[in-house]
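S.K.: Adding 86 to a residue's 1-based position in the sequence shown gives its number in this note's numbering.
Let me give you the structure first, and then I'll get to my questions.
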Amino acid sequence: MSILSSLRPGAANLDESDIVAIVNHAREMPGLIPLWVGEGDLPTPSFIVDAAHQSLVAGETFYTWQSGIPELRQGLADYHQTHYGIANDPQRYFVTGSGMQAIQIAVQSLAGAGDEVVMPTPVWPNIHAAAQVSGATPVHVEMDFSENGWSLDLDRLFDAVSDKTRAIFFNSPSNPTGWTASAEEIRAVLEFARARGIWIIADEVYSRFVYDADRAPSFYDIIDPDDRVMLVNTFSKNWAMTGWRAGWICAPQEIGQVIENLVQYSTSGVPVFTQRAVCSALRDGEEFFAMQKQRALASRDILCDGLLATGKVRLARPQGAFYLFFEIDGHVDSRDLAMRLVDETAVGLSPGTGFYTNHSQFLRACFMRDPAQIQVATDRLVDWLSHQ
């Protein structure tokens, strides 16, 4: 038996990320415009950094609350009361070492060997992998694409649920498509799950990145405190904190000890200085967030308008999030195409092969960057297309 084959299959058989493969191929390329991963070009603003620095200077470098410092849990309750109109209950919030850990904990608490997690697809590959790592089977429900946008057939979603289903993973606004569920769709999913006693893991990371409203429709709008819904989120996107690795879960209080245990037995809590920083983000970060959202809107339209004008691209202008998922006519191998494009244009894109979808010929571009830089990237892609 080889060393590799002696590992647990749930770990050894994980797919290499096609996104990371492209990044590793061209990470240090001169003149690169990296649109391949889900982050912008702005560093964390100084008022957030200063809060972490002050905490470090004060000597806050010890173990802390597994569920999060009380000030941050209260800050999360205040934030959700302000933006979602829900009851101010800090005991429902649990601080995690990233949005990804929030997803892992949610899945680990629900699904294991022999279980299934149903998820609309295209789907961020880390969601698929979180189910695999826990020993569960990801069940993909293909979304439909047309020039009018992406759509989810709820009957198809519900038909995918079996007696092995432990949870529906519901990401809206969506990474990578930008599809955003309506209030009616969210209510239908909740009512379906309630009737069958299955859980919903609601990934609302991009809830406030919608371009025709203050925020997207949310499960927060309709859930009761004891509904079987866990909402996962991150500080990474709204406040340019991808490298800080801090997120949260909102869940029924009844399962709070389970979540605390899973934090304890993985990371033993999020550093206090990081938590002080995100307290500052929640309290003082609205102006910065609004600026980021306005940049993203301008960049979205530059990218979409430029690519559509070529007549060689199929896309739907995304309703939410900050990704464009698009197809270039005549190219079916998006991994090969992403490699070609980064080598020939120095624009880094993610291949659709990484998103577990029948639309694997698509590419994903993250447009959360300076509109002037997105204009340069668009010009490079348009020029490349003009020679095809």
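All residues carry an ideal CB built from backbone N, CA and C; glycine is no exception.
Keep in mind it's a predicted model, so treat the numbers as computed, not measured.
Per DSSP, L410 is paired with what?
M.R.: Beta-bridge pairing links L410 to A451.
S.K.: Starting from V462, trace the alpha helix (DSSP H) both ways and give me its first and last residue.
M.R.: P457 to S472
S.K.: Quick test of the definition: if touching needs 3 or more C-beta pairs under 8 Å, does the region 320-329 touch the region 361-371?
M.R.: yes
S.K.: State the CB to CB distance for the pair T182 and V356, rounded to an integer number of angstroms; the pair is presumed to be in contact (CB under 8 Å).
M.R.: 7 Å
S.K.: To the nearest angstrom, report how far apart G96 and S220 are at their CA atoms.
M.R.: 7 Å
S.K.: Mind checking who A288 pairs with in its DSSP beta bridge?
M.R.: F256 and L317
S.K.: Buried or exposed, going by whether 16 or more other CB atoms sit within 10 Å of the CB of H473?
M.R.: exposed
S.K.: Indicate the three-state DSSP secondary structure (helix, strand or coil) for T328 in the structure shown.
M.R.: Per DSSP, reduced to three states, the secondary structure at T328 is helical.
S.K.: Could you name the residues of the same chain whose beta carbon sits closer than 6 Å to that of L196, not counting the 5 residues immediately before and after it, in chain order?
M.R.: R252, A253 and W285
S.K.: Of all the options S385, I189 and D104, which has the alpha carbon lying nearest to the alpha carbon of S348?
M.R.: The sequence shown places Leu at residue 348, not Ser. Checked all of S385, I189 and D104; the closest Cα to L348 is I189.
S.K.: Count the other CB atoms within 10 Å of the CB of D289; is the residue buried (16 or more) or exposed (fewer)?
M.R.: buried
S.K.: Return the residue from the list W122, E102, L90 and S103 that minimises the CA-CA distance to R455.
M.R.: W122
S.K.: Whole angstroms is fine: what's the gap from S354's alpha carbon to Y149's?
M.R.: 8 Å
S.K.: Which residues does DSSP list as the beta-bridge partners of G434?
M.R.: DSSP lists P120 as partners of G434.
S.K.: Does the Cβ of Y442 have 16 or more other Cβ atoms within 10 Å, making it buried, or fewer, making it exposed?
M.R.: Note on Y442: 16 or more other CB atoms within 10 angstroms of its CB, so buried under the neighbour-count rule.
S.K.: Can you tell me the Cα-Cα spacing of E271 and L240, whole angstroms?
M.R.: 8 Å
S.K.: State the Cα-Cα distance for the pair E146 and G124, rounded to the nearest angstrom.
M.R.: Answer to the nearest angstrom: the Cα atoms are 30 Å apart.
S.K.: Please report how far the alpha carbon of V227 lies from the alpha carbon of V209, in whole angstroms.
M.R.: Note on geometry: alpha-carbon atoms of V227 and V209 lie some 10 Å from one another.
S.K.: Among the candidates S446, G200 and G342, whose CA atom is the shortest distance from the CA of S153?
M.R.: The shortest Cα separation from S153 among S446, G200 and G342 belongs to G342.
S.K.: Going by C-alpha distance, which of M186, I388 and R242 is nearest A217?
M.R.: When the alpha-carbon of A217 is set against those of M186, I388 and R242, the nearest one is in M186.
S.K.: In the DSSP assignment, what residue or residues form a beta bridge with H111?
M.R.: Its beta-bridge partners do not exist; DSSP assigns none.
S.K.: Report the three-state DSSP secondary structure of S141 (helix, strand or coil).
M.R.: helix
S.K.: When the Cα of Q378 is compared with those of F408, T168 and E430, which residue comes out closest?
M.R.: For Q378, the closest of F408, T168 and E430 by C-alpha to C-alpha distance is F408.
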